[in-house]
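Undergrad:
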Amino acid sequence: MDFSWSLATSRKEKVISSIDVSHTRNIGIISHIDAGKTTVTERILFYSGETHKMGEVHDGQAVMDWMPQEQERGITITASATSCRWGDYRLNLIDTPGHIDFTIEVERSVRVLDGAVAIFSAVEGVQPQSELVWRQADRYRVPRVCLINKMDRMGADYRNVLSQMGQRLGARAVLLQLPVGAEASFSGVIDLLSEEFLTFSEQDQGRTVVRGEVPQDAVEAVRDARLELTEVAADFDDRVMAAFLEGKKVETALLKEALRQGTLSCQIFPVLFGSALRNKGVQPVLDAVCLYLPSPSEVASLVARKPGGGDPEPVLCDPGRPLAAFAFKVMAEEGRRLTYLRIYSGTVKAGASLLNATRGNTERVRHLFHMHAHKREEVANATAGDIVAVTGCQSTLTGDTLCDPAHPLVLEGMTVPEPVVSIAVEAKGIEDRAGLLTSLEYFQWEDPTFRVHEDQETGQTILTGMGELHLEVIIDRLRREYGVQVKTGRPRVVFREALRREVERREVFQALTEKRPERAEILLRLVPLSRGSGIRIVLPEPKPPLTAELLATLEQSLLQGCQGGGRTGYALTDLEVQVLELPVDPGMPAPGENTLRAAAQRGLALAAREAEPYLLEPIMKLELETPAEYLGKVLGGLQQKRGRVEGLDRRGELELVKATVPLAEMFGYMTELRSASKGRGSYTMEFQGFEEAPLQVQEQFGLKGSFHS
Numbered sequence: 001m002d003f004s005w006s007l008a009t010s011r012k013e014k015v016i017s018s019i020d021v022s023h024t025r026n027i028g029i030i031s032h033i034d035a036g037k038t039t040v041t042e043r044i045l046f047y048s049g050e051t052h053k054m055g056e057v058h059d060g061q062a063v064m065d066w067m068p069q070e071q072e073r074g075i076t077i078t079a080s081a082t083s084c085r086w087g088d089y090r091l092n093l094i095d096t097p098g099h100i101d102f103t104i105e106v107e108r109s110v111r112v113l114d115g116a117v118a119i120f121s122a123v124e125g126v127q128p129q130s131e132l133v134w135r136q137a138d139r140y141r142v143p144r145v146c147l148i149n150k151m152d153r154m155g156a157d158y159r160n161v162l163s164q165m166g167q168r169l170g171a172r173a174v175l176l177q178l179p180v181g182a183e184a185s186f187s188g189v190i191d192l193l194s195e196e197f198l199t200f201s202e203q204d205q206g207r208t209v210v211r212g213e214v215p216q217d218a219v220e221a222v223r224d225a226r227l228e229l230t231e232v233a234a235d236f237d238d239r240v241m242a243a244f245l246e247g248k249k250v251e252t253a254l255l256k257e258a259l260r261q262g263t264l265s266c267q268i269f270p271v272l273f274g275s276a277l278r279n280k281g282v283q284p285v286l287d288a289v290c291l292y293l294p295s296p297s298e299v300a301s302l303v304a305r306k307p308g309g310g311d312p313e314p315v316l317c318d319p320g321r322p323l324a325a326f327a328f329k330v331m332a333e334e335g336r337r338l339t340y341l342r343i344y345s346g347t348v349k350a351g352a353s354l355l356n357a358t359r360g361n362t363e364r365v366r367h368l369f370h371m372h373a374h375k376r377e378e379v380a381n382a383t384a385g386d387i388v389a390v391t392g393c394q395s396t397l398t399g400d401t402l403c404d405p406a407h408p409l410v411l412e413g414m415t416v417p418e419p420v421v422s423i424a425v426e427a428k429g430i431e432d433r434a435g436l437l438t439s440l441e442y443f444q445w446e447d448p449t450f451r452v453h454e455d456q457e458t459g460q461t462i463l464t465g466m467g468e469l470h471l472e473v474i475i476d477r478l479r480r481e482y483g484v485q486v487k488t489g490r491p492r493v494v495f496r497e498a499l500r501r502e503v504e505r506r507e508v509f510q511a512l513t514e515k516r517p518e519r520a521e522i523l524l525r526l527v528p529l530s531r532g533s534g535i536r537i538v539l540p541e542p543k544p545p546l547t548a549e550l551l552a553t554l555e556q557s558l559l560q561g562c563q564g565g566g567r568t569g570y571a572l573t574d575l576e577v578q579v580l581e582l583p584v585d586p587g588m589p590a591p592g593e594n595t596l597r598a599a600a601q602r603g604l605a606l607a608a609r610e611a612e613p614y615l616l617e618p619i620m621k622l623e624l625e626t627p628a629e630y631l632g633k634v635l636g637g638l639q640q641k642r643g644r645v646e647g648l649d650r651r652g653e654l655e656l657v658k659a660t661v662p663l664a665e666m667f668g669y670m671t672e673l674r675s676a677s678k679g680r681g682s683y684t685m686e687f688q689g690f691e692e693a694p695l696q697v698q699e700q701f702g703l704k705g706s707f708h709s
């Protein structure tokens with residue numbers, strides 16, 4: 001089936017009910033920074049008739065990069081949702097950032113997608129952020145088709161990219177096309193299934209796809225590649241296997257069906273070629289999205305639970321069932337919330353009252369919209385499988401479940417990475433002071449990786465985020481969007497606090513309330529865990545007078561106590577907190593929530609101080625490129641920064657260095673690298689994990705170093 005020819009240049013009326021759920025595709029564009037995500041998205045919108053002019057990232061005119069910061073920097077900062085038609089199919093499309101500082105935008109997008117287009121540069125291949133987003137898609141079992149972009153660039157080597165996909169991603173890449181020409185001579189692709197040569201007209205910006213015969217010098221290569229494609233398809237269909245063993249040519253429709261099964265199971269990943277900037281190869285990607293990626297009804301059913309626990313319950317993609325929707329993004333617009341929902345089951349209408357099952361309160365949906373970047377198209381209702389934005393949800397945050405009040409369900413949340421960099425901010429003037437905290441609260445609505453707290457010793461407001469760029473954008477948005485001017489300190493590393501030994505502590509807290517004295521007693525045991533384990537809370541079974549609600553409050557209090565840390569104020573990690581006893585005198589009521597919370601948090605803090613706390617520092621995985629003549633100087637600089645080189649590779653004329661290095665050493669590193677490499681070096685890095693900080697850092701906080709130092 002070919003959808004390229006079925007789209008007239010005129011746009012069809014966009015009515016949700018006219019699209020069968022089997023013809024809906026919820027997809028995202030994922031890749032490393034600068035691989036071409038937004039450029040591909042702009043072509044998709046143009047060729048589908050959604051826009052009448054292609055915006056370019058380098059001109060600051062991309063439709064999906066609508067924020068001023070995105071247009072100025074030429075990067076995507078926030079995930080943008082849009083929708084378009086391709087033939088009889090409706091595509092709900094999310095363009096995601098590539099920079100590591102905005103990884104939460106990818107995480108929450110992948111959480112609600114049914115499929116994705118993974119883009120790789122034909123020159124740079126599989127890069128660090130490519131690996132990160134690929135792992136995110138693996139975690140949520142998202143089927144993918146792949147585009148090797150920038151085939152027209154000098155140094156393009158698609159075979160190297162395929163090799164890296166296998167080695168670094170563990171992906172079984174399957175070619176659906178062969179490229180014709182390389183670098184500046186790249187002219188089009190050969191479709192291995194239809195065995196046609198596709199070129200893209202330069203007269204109408206690639207809108208017209210011309211199909212011709214396979215060039216004579218490529219006939220043998222096409223035959224061999226199609227045979228390999230058939231061999232892969234045979235793994236997923238016995239009919240294909242039988243024909244393959246008999247040496248027969250398999251029907252194209254049967255091959256497509258088999259390849260689709262392999263793609264949906266995430267066992268294979270179809271690969272296509274193109275040069276989005278030169279308007280080549282985008283329409284076949286759209287065809288592949290419709291052919292090989294799943295509809296919402298084909299995705300494995302999510303499992304939900306009743307609030308407070310209970311047996312799991314499948315959530316089926318059926319408009320007639322009770323509503324279950326996942327809030328995956330919140331935006332603040334002049335103090336009002338715009339909440340993005342992925343609807344997994346049921347139907348939602350404007351004016352409906354919904355239960356936020358995560359928080360236990362009721363929300364009222366005032367308006368529903370289909371989003372086109374930052375532009376809205378109001379709709380009356382939306383059904384299972386759709387992605388919409390709603391207004392009116394006053395307390396819903398990312399990760400919450402909205403559902404039918406008569407059928408409460410909580411969907412599984414998502415993984416939120418821990419922020420690792422902080423800066424202190426201070427309002428410049430009295431008028432700025434009034435708006436600062438309110439504006440920062442809006443940013444916290446939007447971004448689960450952005451945190452704000454007050455330093456108890458200095459009284460400063462501390463902002464914590466994923467990196468220097470992340471916080472730089474926040475400061476810029478404060479100024480532009482809310483008119484708040486601030487003075488900032490130097491970026492600082494966010495450490496974690498861990499414990500060396502197990503400890504028990506009994507804490508008693510007494511309080512005089514208006515009605516009667518209250519007493520809470522708790523016995524805690526803190527048990528250090530292996531690195532990367534996070535926090536675990538182990539509670540006793542509820543029994544009168546200790547209710548499940550009171551124990552849930554206790555769990556939340558202990559988690560908050562872990563965030564407050566032990567001796568240094570940095571959050572505790574790699575720790576199991578066991579509640580061994582919660583004694584209540586016979587005939588006495590259970591302690592009040594506030595009394596129990598005070599006993600738990602005080603007991604936790606004092607116990608942590610007794611357990612020989614020590615600091616962990618964030619370690620980054622670094623990938624660096626530099627011309628070979630500057631390699632020695634660059635490696636020497638990394639060594640001075642406590643970097644550990646883990647591998648060297650050659651990429652054309654450049655040396656590729658893979659290393660790990662403490663984040664504390666990397667502030668301002670780009671300036672140093674440019675100086676060492678005469679401006680020709682570049683690097684990317686991502687968070688790898690925490691390791692014990694060196695002795696001198698421990699001593700700065702009054703802590704002991706490692707026994708092995």
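At position 121 of the sequence shown the residue is numbered 121 (the UniProt record's numbering), and the sequence of numbers has no breaks.
The beta carbon of each residue, even a glycine, is placed where N, CA and C say it ideally should be.
When the Cβ atoms of the region 533-552 are set against those of the region 567-580, are three or more pairs found closer than 8 Å?
TA: Contact between the region 533-552 and the region 567-580 is present, because at least three Cβ pairs lie under 8 Å.
Undergrad: According to DSSP, is S345 part of a helix, a strand, or is it coil?
TA: Working through the sequence shown from its first residue, we reach residue 345 at position 345. Here S345 sits in strand by DSSP.
Undergrad: Report the start-end ranges of each alpha helix (DSSP H) in the region 420-505 that is 4 residues or longer and not cut off at the edges.
TA: Counting only runs of 4 or more, we get 430-446, 468-482.
Undergrad: Report buried or exposed for D447, applying the criterion of at least 16 other Cβ atoms within 10 angstroms of its Cβ.
TA: The sequence position of residue 447 within the sequence shown is 447, counting from 1. With 16 or more other Cβ atoms within 10 Å, it is buried.
Undergrad: If you follow the alpha helix (DSSP H) that M241 is in, where does it begin and where does it stop?
TA: Looking up residue 241 in the sequence shown gives position 241. Note, M241: alpha helix (DSSP H), 238-245.
Undergrad: With DSSP collapsed to three states, give me the class of W66.
TA: To locate residue 66, count along the sequence shown from 1; it is residue 66. The predicted model places W66 with a pLDDT of 43, which falls under 50 and marks its position as unreliable; any figure quoted below should be read in that light. Correct three-state label for W66: coil.
Undergrad: In this structure, how does DSSP classify D59 when only helix, strand and coil are distinguished?
TA: Position 59 of the sequence shown holds residue 59. Annotation note: pLDDT 46 at D59 (below 50); position unreliable, coordinate value reported separately. Helix.
Undergrad: Opposite N356 in the DSSP bridges: which residues?
TA: Stepping through the sequence shown from its first residue, residue 356 is reached at position 356. Bridge partners of N356: N361, L402.
Undergrad: Quick check on DSSP: helix, strand or coil for F186?
TA: Residue 186 sits at position 186 when you count from the first residue of the sequence shown. Residue state, collapsed to three classes: coil.
Undergrad: What does the alpha-carbon distance come out to for the pair residue 716 and E107?
TA: Examination of residue 716 is not possible in this model, given that the chain is present from 1 through 709 alone.
Undergrad: With distances taken Cα to Cα, identify the nearest neighbour of T41 among L91, G87, D20, D95.
TA: To locate residue 41, count along the sequence shown from 1; it is residue 41. The shortest C-alpha separation from T41 is found at D95.
Undergrad: What would DSSP say about M165, mapped onto helix, strand or coil?
TA: The residue given as residue 165 occupies position 165 in the sequence shown. M165 falls in the helix class under three-state DSSP.
Undergrad: Three-state secondary structure (DSSP) at K37?
TA: Your numbering for residue 37 matches position 37 in the sequence shown. Of the three classes helix, strand and coil, the one that applies to K37 here is helix, per DSSP.
Undergrad: Classify G702: buried if its beta carbon has 16 or more other beta carbons within 10 angstroms, exposed otherwise.
TA: As a first step, residue 702 is located in the sequence shown; it is residue number 702 there, counting from the start. G702 should be labelled exposed.
Undergrad: Quick check on F269: buried or exposed, where buried means 16 or more other Cβ atoms within 10 Å of its Cβ?
TA: In the sequence shown, the residue the question calls residue 269 occupies position 269. The residue in question, F269, is buried, as its Cβ has 16 or more Cβ neighbours within 10 Å.
Undergrad: Per DSSP, which residues does F46 bridge with? Please list them.
TA: Numbered from its first residue, the sequence shown carries residue 46 at position 46. DSSP lists no partner for F46.
Undergrad: Given R43, which residues of its chain have a CB within under 7 Å of its CB, disregarding the five upstream and five downstream residues?
TA: Residue numbering aside, residue 43 sits at position 43 when the sequence shown is read from its first letter. Cβ within range, chain order: M54, A276, N279, V282.
Undergrad: Could you compute how far the alpha carbon of Y158 sits from the alpha carbon of Q688?
TA: On the sequence shown, position 158 is the one that residue 158 refers to. On the sequence shown, position 688 is the one that residue 688 refers to. Roughly 28 Å separates the two Cα atoms.
Undergrad: Enumerate in chain order the residues of its own chain whose CB-to-CB distance from Q700 is below 7 Å, with the five nearest sequence positions on each side excluded.
TA: Position 700 of the sequence shown, counting from 1, holds the residue named residue 700. Contacts found: none.
Undergrad: Please confirm if the region 314-334 is in contact with the region 436-447, defined as three or more CB-CB distances below 8 Å between the two stretches.
TA: The region 314-334 is in contact with the region 436-447.
Undergrad: Determine the direct distance from the alpha carbon of D400 to that of G309, and round the result to whole angstroms.
TA: The residue labelled residue 309 in the question sits at position 309 within the sequence shown. The residue labelled residue 400 in the question sits at position 400 within the sequence shown. Going by the C-alpha atoms only, they are around 16 Å apart.
Undergrad: In the DSSP assignment, find the unbroken beta strand (DSSP E) run with D649 in it and report its ends.
TA: Along the sequence shown, one-based indexing puts residue 649 at 649. Residues 644-651.
Undergrad: Pick from P662, V180, E655, V214: whose alpha carbon is nearest that of S682?
TA: For this step, residue 682 is matched to residue 682 along the sequence shown. Checked all of P662, V180, E655, V214; the closest Cα to S682 is E655.
Undergrad: Use the C-beta contact count for G212: other C-beta atoms within 10 angstroms, 16 or more gives buried, fewer gives exposed.
TA: Position 212 of the sequence shown, counted from the start, is the residue given in the question as residue 212. Exposed is the call here.
Undergrad: With C-beta atoms as the reference, is L368 less than 7 Å away from A382?
TA: Residue 368 sits at position 368 when you count from the first residue of the sequence shown. Residue 382 sits at position 382 when you count from the first residue of the sequence shown. A contact, by the Cβ cut-off of 7 Å.
Undergrad: Give the single residue among E124, L523, R141, V584 whose Cα lies nearest to the Cα of L558.
TA: The residue given as residue 558 occupies position 558 in the sequence shown. The shortest C-alpha separation from L558 is found at L523.
Undergrad: Within a Cβ cutoff of 7 Å, which residues of the same chain sit near K256, ignoring the five residues on either side of it in sequence?
TA: Locating residue 256 in the sequence shown gives position 256, counting from the first residue. Correct list, in chain order: L193, L291.
Undergrad: Quick check: what's the CA-CA separation for R477 versus G483?
TA: Counted from its first residue, the sequence shown places residue 477 at position 477. Counted from its first residue, the sequence shown places residue 483 at position 483. The alpha-carbon atoms of R477 and G483 are separated by roughly 9 Å.
Undergrad: Ignoring anything shorter than 3 residues or poking outside the region 224-309, list the beta strand (DSSP E) runs there in chain order.
TA: Fully enclosed beta strand (DSSP E) runs of 3 or longer: 269-273, 302-305.
Undergrad: Leaving out five residues before and five after P694 in sequence, what residues of the same chain have Cβ atoms less than 6 Å from its Cβ?
TA: The residue labelled residue 694 in the question sits at position 694 within the sequence shown. Counting only Cβ-Cβ distances below 6 Å, and skipping sequence neighbours, we find nothing.
Undergrad: Give the straight-line distance between the Cα atoms of S297 and S130, rounded to the nearest whole angstrom.
TA: Residue mapping note: residue 297 aligns to position 297 of the sequence shown, counting from 1. Residue mapping note: residue 130 aligns to position 130 of the sequence shown, counting from 1. Using only the alpha carbons, I get a separation of about 28 Å.
Undergrad: Which partner residues of residue 764 appear in the DSSP bridge assignment?
TA: Shown here, the chain extends from 1 to 709; a query on residue 764 therefore has no answer.
Undergrad: Judging by CA-CA distance, which residue of E231, Q177, D152, F273 is the nearest neighbour of L254?
TA: If you number the sequence shown from 1, residue 254 lands on position 254. Nearest C-alpha to L254: E231.
Undergrad: Using the beta-carbon count (16 or more within 10 Å), is V63 buried or exposed?
TA: Start at 1 with the first residue of the sequence shown, and residue 63 comes out as number 63. Note that V63 scores a pLDDT of 46, beneath 50, so its modelled location is shaky; the value from the coordinates is reported in the next line. So V63 counts as buried.
Undergrad: With a CB to CB cut of under 6 Å and the five nearest residues on each side skipped, what residues in its chain are close to D386?
TA: On the sequence shown, position 386 is the one that residue 386 refers to. Closer than 6 Å at the Cβ level, and outside the excluded window around D386, lie I343.
Undergrad: Who are the Cβ neighbours of Q601 in its own chain at under 8 Å, not counting the five residues just before and after it?
TA: As a working mapping, residue 601 is identified with position 601 in the sequence shown. Only S557, L558, Q560, G561, G564 meet the Cβ criterion.
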